[in-house]
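Here's the structure, in structure tokens; my notes come after.
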Amino acid sequence: QLRESGGGLVQVGGSLRLSCAASTSTHAMGWFRQAPGKEREFVAHISWSGNTKTYADSVKGRFTISRDNSNNMMYLQMDTLKPEDTALYYCASELVGPLEYQYWGQGTQVTVSS
26 QLRESGGGLV QVGGSLRLSC AASTSTHAMG WFRQAPGKER EFVAHISWSG
76 NTKTYADSVK GRFTISRDNS NNMMYLQMDT LKPEDTALYY CASELVGPLE
126 YQYWGQGTQV TVSS
């Protein structure tokens, strides 16, 4: 099981840190988001070791993905937030294909107000 936390309401330019708690150890993990009326989109990916990190162009340079395998946790540090970052953010684990994951959390809402 995956459980996200850390979402909330923040002003433009602000920061939030999302957390994803896994019930067991995991391999590759990722963050996705879905805004109202839009399809779910990839945000960031991290390998088990943390040595490989991939970001969507829209968040590159502003978001940082990380993980703590000793505690089965993954994080997404989001800085310089923009209104277009408003979405329900999901964490996912266990790659089954290119940016395709087997397990998903329920999501945590991030709202960026202008």
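Sequential numbering of the sequence shown, starting at 26, is according to this note's numbering.
Backbone N, C-alpha and C fix where the C-beta goes; we use that ideal spot for every residue, glycine too.
Keep in mind the model is a prediction, meaning the values are calculated, not measured.
Check: Endpoints, beta strand (DSSP E) assigned at LYS78; Outcome: 78-80
Check: For ASP104, the three-state DSSP class (helix, strand or coil); Outcome: coil
Check: For SER109, the three-state DSSP class (helix, strand or coil); Outcome: This sequence places Glu at residue 109; Ser is not what is there. The answer is helix: DSSP assigns GLU109 an H, G or I state.
Check: Nearest-angstrom Cα separation, counted from GLY62 out to VAL137; Outcome: 17 angstroms
Check: Cβ neighbours of GLN59 in the same chain (closer than 6 angstroms, five flanking residues each side left out); Outcome: ARG65, ALA112, LEU113
Check: One or two residues paired with HIS52 in a DSSP bridge; Outcome: HIS52 is not bridged to any residue.
Check: Cβ-based neighbour list, PHE57, same chain, cut-off 7 angstroms, excluding 5 preceding and 5 following; Outcome: ARG65, GLU66, PHE67, VAL68, TYR115, ALA117
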